[in-house]
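Novice: Right, I'll just put the structure down here and ask away after.
Numbering (my numbering), first residue to last: 752 to 1244.
As structure tokens, this is what we get:
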């Protein structure tokens, strides 16, 4: 940003604009630094007003990994649970283009487009057909109707605080197309509301059929079942303690899910009535953070960030299922009325000098609409991950990743009659080069990753007999990778 200010001055831009841009560079950099900075820093759910009347920004999150299992195959994740440790993660990236405009004093607009790219890359299949998704495509305006009020419409990822080590947002993590609003009252209180619609390509939501056209020769595709899910969410954030170096925040969160009735066609040609479905989710979060100014290094001023977040949520009915999942399995009925989920989660970070440590953990209890031992709709799972790291100077360091995960289903093993369950212990060693200097969340990072996973007999039983992993109690992962993030609204509040 300092370079941009200098360029503006050399290009003959107004001196006030150049000076204003240079003066606010540090604030901008802090606002767009990392996914966890918003949890650690005293920031409410509002984007900063652009310092220049018009600004075009490129932002990105990304990670690229190439790995081997040391047995002639590609390295791959050994996670059993839904939100497992990310030490042996795969390739994923987001590319964002953003336009900010200051329309009037206190009034600004923003247009965001974010494209996601998921592996495998073409190097592993020889096909130029990467998996793409539009994650953000929305317009937002703040201050036009009321100071502190922001309105948006379009397609958007609506998120809260994440657990970095598990690559997961445990409380609010929605991808919706719709609209929303946020309102903040100083630094003490903020509200965020959104309503969105979605319809996965699943016969529980959508069924199409080719029929004879009334005119012409080509068949016409008709939607015989069309049931979009409507999700409404409300988040309230209270910050009773809000200082530059220390803060406390309390979050209350809720979702309402509704699904209209419909009628689907079964494989034998018969029809089945699907009743109207609904559900709700209630959650809460307590967060503490502490910032301490450290001695400036080669990359400039450095703030040591420490925080802890505790999450709890309960979901019932349709809300117990991800918005892109079908809530009904074979033989489990036609609605989600009896489904429920309870979850506890933890994220934390501590930094002091050359040392830092990150922590992530969760426990999840889930019961499907039909959770009998015959239907297999009950899940108990959890994971714990801790990653201490030491910097060897300003730009290099080494991290040790220790994790444990366990999964238990209420399904009985047909051979033994015992409940189906498995455990995985994982140990990772990660030497890294941090181009962003010191800090557990400083990025970009280049890293060498070695991980060894140890499965018990139950964990091996989750793989088909034809899969080599069904007979491997130990699996290795050796790879090289990079991770970065900058100026991305996907990782800001």
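For each residue, glycine too, the CB sits at the ideal point set by N, CA and C.
Kindly indicate which three-state DSSP category residue 1180 falls into: helix, strand or coil?
Specialist: Residue 1180: strand per DSSP, three-state reduction.
Novice: To the nearest angstrom, how far is the alpha carbon of residue 858 from that of residue 1201?
Specialist: Roughly 49 Å between the two C-alpha positions.
Novice: By Cβ distance below 6 Å, which residues in the same chain neighbour residue 797 in space, the five residues on each side in sequence not counted?
Specialist: For residue 797, the predicted model reports a pLDDT of 46, less than 50, meaning its position is unreliable; a value from the coordinates is still stated below. Answer for residue 797: 935, listed in chain order.
Novice: Can you give the Cα-Cα distance for residue 1120 and residue 847, rounded to whole angstroms?
Specialist: Rounded to whole angstroms, residue 1120 to residue 847 spans 39 Å at the Cα level.
Novice: Would you mind sorting residue 1217 into buried or exposed? The rule is 16 or more other CB atoms within 10 Å of its CB.
Specialist: By the neighbour-count rule (16 or more Cβ atoms within 10 Å), residue 1217 is not buried but exposed.
Novice: Tell me whether residue 995 is buried or exposed, calling it buried when 16 or more other Cβ atoms sit within 10 Å of its Cβ.
Specialist: Its Cβ having fewer than 16 others within 10 Å, residue 995 is exposed.
Novice: On the CB-based measure, 16 or more other CB atoms within 10 Å of its CB, does residue 1236 come out buried or exposed?
Specialist: It counts as buried.
Novice: Roughly how many whole angstroms lie between the Cα atoms of residue 1239 and residue 813?
Specialist: Going from the Cα of residue 1239 to the Cα of residue 813 covers about 11 Å.
Novice: Quick one: give me the first and last residue of the beta strand (DSSP E) that residue 977 is part of.
Specialist: From DSSP, the beta strand (DSSP E) with residue 977 extends over 971-977.
Novice: Suppose the cutoff is 6 Å on Cβ atoms and the five residues either side in sequence are ignored; what does the same chain contact list for residue 1155 look like?
Specialist: 1135, 1176, listed in sequence order.
Novice: Is the beta carbon of residue 1174 sitting closer than 8 Å to the one on residue 1207?
Specialist: Yes, these two residues count as a Cβ contact at 8 Å.
Novice: Answer with buried or exposed for residue 1244, where buried requires no fewer than 16 other C-beta atoms within 10 angstroms of its C-beta.
Specialist: Note that residue 1244 scores a pLDDT of 38, beneath 50, so its modelled location is shaky and nothing firm can be said.
Novice: Taking Cβ to Cβ, would you say residue 1107 is nearer than 8 Å to residue 1191?
Specialist: Yes. Within cutoff.
Novice: Answer yes or no: do residue 864 and residue 902 have a C-beta to C-beta separation smaller than 8 Å?
Specialist: It is not a contact, given that the beta carbons lie outside the stated cut-off.
Novice: Based on DSSP bridge pairs, tell me the residues matched to residue 874.
Specialist: In DSSP, residue 874 forms no bridge with anything.
Novice: Please check the pair residue 891 and residue 850, which I expect to be a contact at CB under 8 Å, by giving their CB distance rounded to whole angstroms.
Specialist: The Cβ separation is near 11 Å, so there is no contact.
Novice: Determine, using beta carbons only, whether residue 987 and residue 942 come nearer to each other than 8 Å.
Specialist: In contact: residue 987 and residue 942 (Cβ atoms closer than 8 Å).
Novice: Specify, as a first and last residue, the run of the alpha helix (DSSP H) that residue 1210 falls within.
Specialist: Taken as a continuous stretch (DSSP letters only), the alpha helix (DSSP H) holding residue 1210 covers 1208-1211.
Novice: Given this structure, state the Cα-to-Cα distance separating residue 1013 from residue 1074, to the nearest angstrom.
Specialist: If you take the alpha carbons of residue 1013 and residue 1074, they lie about 18 Å apart.
Novice: How big is the Cα-Cα spacing for residue 836 and residue 969?
Specialist: Looking at the two C-alpha atoms, the distance is approximately 50 Å.
Novice: Residue 840: buried (16+ other C-beta within 10 angstroms of its C-beta) or exposed?
Specialist: With 16 or more Cβ atoms within 10 Å of its Cβ, residue 840 is classed as buried.
Novice: Taking 6 Å as the limit between beta carbons, can you name the residues of its chain near residue 1034, skipping five residues before and five after?
Specialist: So the qualifying residues of the chain are 922, 1004, 1064.
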